[in-house]
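Enquirer: One structure coming up, written as C-alpha cells, with questions to follow.
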Amino acid sequence: MPTEAATSQEPIDPAPASTRDQPSGGLLHPGDILLGVLLLLGIALRFYRLGSQGIWLDESITWGFARFPIGETIAAAFLDGHPPLHYLLVQATLFLLPASETVVRLVSALSSALLLVTIAVHLRRHWGRRAALYGVWFAALSTFDLYFAQEARMYALFAFLCFLAYTLLVEALGDHPRLLLGWSLVTILTFWTHFYAIFVIGIFLAVVVAVWFWQRGKGRALSFTGRWLGLNVALILVGIAPVIYALWQSRARQHGSAVIPGWHELGELFAVWSVGLTGARSLFLDSPHLTFSALADISLAQWVLLGCVTHGLPLAWGLVSSWRRGDRWRQSSLLSLLLLAVPVLAVLAYAHWFGLRSWSFRGFIAGAPLAYAWAGIGISRLNNRTLRWGMAGLVLGVALLSLIPYWSVWTKTPGPVAFGLIPPAQRSALVLDRAYMAPEFFFYAEATTDILGIVPSANGLFTFARVSFPGETGRIVHTQPIDGCADAQMQQATDLWLYGPVWRIRQEISNWPVCVWNFNLWVFEDGAWRAFVR
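With the sequence shown counted from 1, adding 60 to any position gets you our numbering.
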C-alpha cells in the first residue's frame, strides 16, 4: 500500500535538450531582454488609445452598477445575469479616480496585462525562453484579447483568472502542493466573475481528483494528501455556493445571448480566437469597419483555414510535444484540451438543443490564453529558425489586418458624438428607440436629465416611457410609461431626437404612438443629426 508524501518525487521535466536554454554567462540573457520587450509591447497595446472609443451600452451598465452602494451593486449584477466581482473592482477604481472611458476600462486593461505576464512566467519556467517568446507573441497580438482588454466588461478579468488557476493547478500537481490553496481561491474568483466558469471548475475538479486516484492506484508518491485535496475541494464548493444560488434564483430571467446559436458558431469562434476581429466580423459592433474593404468578401471558411495555419497547427504540435514528455505533461495537455473544448461544446449543445439564448462567445475568451500558450510551445519546438520566424511574421500580418482598422476607422458607438450635438436645452426630447439603451446617455449627461424611451409591448405596438437614473434597488434606470403626447414633458417639445439603429426606427416607427408625427423628427446617421422623412 503506497504512502502519501507531502511533496512529489517527480521533478519538473525540463525542456528537451535540443531546445533547452543555455546560460549566457551574463547578468541577463538576451532572450529574457527580448521577452521583456515583447511584454512591454503587449501591455502598451492594451493601454494604447484605451479611452479613445466612446462607452457603449454594456460598458455604461458596468459604470451604472459601479455607482451603486456595494450591496446594490451585487444585487444589480445578479439581476443582470453576471456575478459581481468585476463590477466591484470597477467600483473601487471609480472610488479612487474620476469617471472616464479610460478609468472604467482600467480593470480590463490591467487584467489583460497580468495575463501576458502569467503566460510569460509559466512558459519560461516549464518550456524555456523560446516558448515564452512565441507564446507572448501570440497573446500580445491577439485582437480578440485586445478588444476585451479595452472594454469595461468582465471578460478580460475572467480570462486572466482562468489561466492563472490553470497554472497554479499545474504547479500543484507537480512539486508545489501548497499552491493547491492558491488554485482553490483563484478558481472561486473565476465563478464570481462569469457563470461560464462552472464548466472550468467542473473540469478542474474532475481532473485533479482523477489524477490523485490514478497516482494512488499506480502506487506512486502523491504530491498532496487526500485530506489536503478534500479541504481544497470543499473550499471551492463553499466559495461558489452563493453564486450558484444566485444563478438558480435568476434562472427565470433567461439571461444569455441575443441569438440561439447554430453549429457554424464554432467556426466564428475559432476565427476570432485565431485571425482576430477581421475573421468574425458579425460578432462585433460596427462590423463592416473591422477589416479593409478589399478583404470584406473573404468567407468565414477561408478565415478559418488561415487560422488553422497560424494558430491551429502550432497549437496541435504544442500539445503533441507535451504528450511526448511523459505523464505530468500528458495531464497538462489533456487538461488544456478539456478546458478548450468542453465549455464551448456544452454551451453550444445546450443552447441549440433546447432553443435557449445562452450562447455568449465572449465567455469563451477564457480558453484563448491556453490556445496562445500551446501555439507558442508548438512553434518553439520547430528546429528550423526560418520557419519559426516566418510563422511569427504571419501572425503579425494577420493581426495588423484587424489592428489597423480597429485603431483608424472602427467606432464602438456613435453615442458621445450624437449626444454632444443635441442642444443642451433639448436633451429631454431625446428618444431612444429602446429604453434600455439609456445608461449610455447617462454616462455622458452625468445623469441629470430625464429622457424618453420606446418600450415594446406584447401586441407589437410601442409606447413612450420616461427614463431616469438611477432606478430602484438593483436596477440601473427607472422606466415610467407615459401617455404619449398628453405628457407634460412631450408637450414642451417641438423636436424629437431619435437615437438608435436608423433601419430599425424606419421599420418600427409606424407602430409608435401616432402623435410622434406632430414633432420635427431627427435621426443620427453618418455622424450627424438629419431630418427624418416619413
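Just so you know, even glycine gets a beta-carbon here, dropped at the ideal spot from N, CA and C. It should be emphasised that the depicted structure is a prediction, and the values quoted were computed from it without experimental measurement.
Identify the residues that DSSP records as bridge partners of Glu532: which are they?
Expert: None, per the DSSP bridge assignment.
Enquirer: Where are the alpha helix (DSSP H) runs, 4 residues long or more, that stay fully inside the stretch 243 to 314, in chain order?
Expert: Here the runs fully enclosed are 257 to 277 and 286 to 309.
Enquirer: Who are the Cβ neighbours of Ala335 in its own chain at under 6 Å, not counting the five residues just before and after it?
Expert: What sits at residue 335 in the sequence shown is Val, not Ala. Cβ neighbours of Val335 beyond the five flanking positions: Trp363, Leu366, Gly367 and Val458.
Enquirer: Going straight from the alpha carbon of Ser112 to that of Val268, what length do you get?
Expert: Cα-Cα distance, rounded: 44 Å.
Enquirer: Does DSSP put Leu461 in a helix, a strand or coil?
Expert: Reduced to three states, the DSSP call for Leu461 is helix.
Enquirer: Quick one: give me the first and last residue of the beta strand (DSSP E) that Tyr108 is part of.
Expert: Premise fails: Tyr108 is in no beta strand (DSSP E) and is neither H nor E.
Enquirer: How is Ile542 classed by DSSP in three states: helix, strand or coil?
Expert: Three-state DSSP puts Ile542 in coil, outside helix and strand.
Enquirer: I need the DSSP call for Pro62, collapsed to helix, strand or coil.
Expert: The predicted position of Pro62 is uncertain, since its pLDDT is 40 and thus under 50; no value can be drawn from it.
Enquirer: How many whole angstroms separate the CB atoms of Ala605 and Arg106, which I take to be in contact at a CB cut-off of 8 Å?
Expert: It is not possible to answer for residue 605, since the shown part of the chain is limited to 61 through 594.
Enquirer: Taking only runs of the alpha helix (DSSP H) that begin and end inside the stretch 482 to 517, which ones reach a length of at least 4 residues, in chain order?
Expert: Whole alpha helix (DSSP H) segments, 4+ residues: 498 to 505.
Enquirer: How many Å lie between Ser78 and Trp449 at the Cα?
Expert: In this predicted model, Ser78 has a pLDDT of only 41, less than 50, meaning its place in the structure is not dependable enough to derive any value.
Enquirer: Just curious, the beta strand (DSSP E) that Trp589 is in, first and last residue?
Expert: First-last of the beta strand (DSSP E) with Trp589: Ala588 to Ala591.
Enquirer: What span of residues does the alpha helix (DSSP H) with Trp123 cover, start to end?
Expert: Segment Leu117 to Ala126, the alpha helix (DSSP H) holding Trp123.
Enquirer: Compare the C-alpha of Arg213 against each of Phe251, Ala225, Arg165 and Arg276 and name the closest.
Expert: Closest option to Arg213, Cα to Cα, is Arg165.
Enquirer: Within 8 Å, do at least three Cβ pairs link the stretch 424 to 441 to the stretch 184 to 200?
Expert: Verdict: yes, contact present.
Enquirer: Between Val163, Thr227 and Leu154, which has its C-alpha nearest Ala180's C-alpha?
Expert: Among Val163, Thr227 and Leu154, the Cα nearest to that of Ala180 belongs to Thr227.
Enquirer: So, helix, strand or coil for Leu444, using DSSP?
Expert: Residue identity differs from the one stated: residue 444 is Asn in this sequence, not Leu. Coil, per DSSP.
Enquirer: Cβ atoms of Gly427 and Leu399: under 7 Å apart, would you say?
Expert: Taking 7 Å as the Cβ cut-off, Leu399 and Gly427 qualify as a contacting pair.
Enquirer: Give the range of the alpha helix (DSSP H) segment to which Leu405 is assigned.
Expert: Note, Leu405: alpha helix (DSSP H), Asp387 to Phe414.
Enquirer: Once you ignore the five residues that flank Leu397 on each side, which residues in its own chain have a CB closer than 8 Å to its CB?
Expert: If we look at Leu397 and ignore the five residues flanking it on each side, its Cβ neighbours are Leu379.
Enquirer: So the beta strand (DSSP E) Val582 belongs to, where does it begin and stop?
Expert: The sequence shown places Trp at residue 582, not Val. Per DSSP, Trp582 belongs to the beta strand (DSSP E) from Asn580 to Glu585.
Enquirer: Quick check: the Cα distance between Arg190 and Leu101, rounded to an integer number of angstroms?
Expert: Cα-Cα distance, rounded: 17 Å.
Enquirer: Residues in the same chain with beta-carbon distance under 7 Å from Leu343, minus the five sequence neighbours each way, listed in chain order, please.
Expert: Closer than 7 Å at the Cβ level, and outside the excluded window around Leu343, lie Glu328, Val332 and Phe421.
Enquirer: Quick check on Trp572: does DSSP put it in helix, strand or coil?
Expert: Trp572 falls in the coil class under three-state DSSP.
Enquirer: Sorted by chain position, which residues of the same chain lie with C-beta nearer than 6 Å to Ala232's C-beta, five sequence neighbours on each side aside?
Expert: Counting only Cβ-Cβ distances below 6 Å, and skipping sequence neighbours, we find Leu239, Leu240 and Trp243.
Enquirer: Can you give me the Cβ contacts of Trp340 inside the same chain, cut-off strictly under 7 Å, excluding the 5 residues immediately before and after it?
Expert: The amino acid occupying residue 340 in the given sequence is Ala; Trp does not appear at that position. Within the same chain, Ala340 has close Cβ partners Glu328, Ala331 and Val332.
Enquirer: Quick check on Gly480: buried or exposed, where buried means 16 or more other Cβ atoms within 10 Å of its Cβ?
Expert: By the neighbour-count rule (16 or more Cβ atoms within 10 Å), Gly480 is not buried but exposed.
Enquirer: Quick one: what's got a C-beta closer than 6 Å to Ile439's C-beta in the same chain, skipping five residues either side?
Expert: The answer, listed in chain order, is Tyr194, Pro374, Arg448 and Met451.
Enquirer: Spell out the partners DSSP gives Leu345 in its beta bridges.
Expert: Answer by DSSP bridge pairing: none, since Leu345 is not bridged.
Enquirer: For Ser462, which option in Gly141, Ile121 and Thr203 has the closest C-alpha, if you only look at C-alpha atoms?
Expert: Closest option to Ser462, Cα to Cα, is Thr203.
Enquirer: Determine the contact status of Leu117 and Glu500, defining contact as a CB-CB distance below 7 Å.
Expert: Their beta carbons are under 7 Å apart, which means Leu117 touches Glu500 by this criterion.
Enquirer: Considering Asp140, what are the terminal residues of the alpha helix (DSSP H) in which it resides?
Expert: That run of the alpha helix (DSSP H) goes Ile130 to Asp140.
Enquirer: Identify whether Asp555 lies in helix, strand or coil by the three-state DSSP scheme.
Expert: Strand.
Enquirer: Where does Thr523 sit, in a helix, a strand or coil, going by DSSP?
Expert: Strand, per DSSP.
Enquirer: Compute the Euclidean distance between the alpha carbons of Ala137 and Ile565, then round it to the nearest angstrom.
Expert: Approximately 30 Å between the Cα atoms of the pair.
Enquirer: Considering Cα atoms alone, identify which of Ile514, Asn519 and Val477 is closest to Ala505.
Expert: Answer by Cα proximity: Val477.
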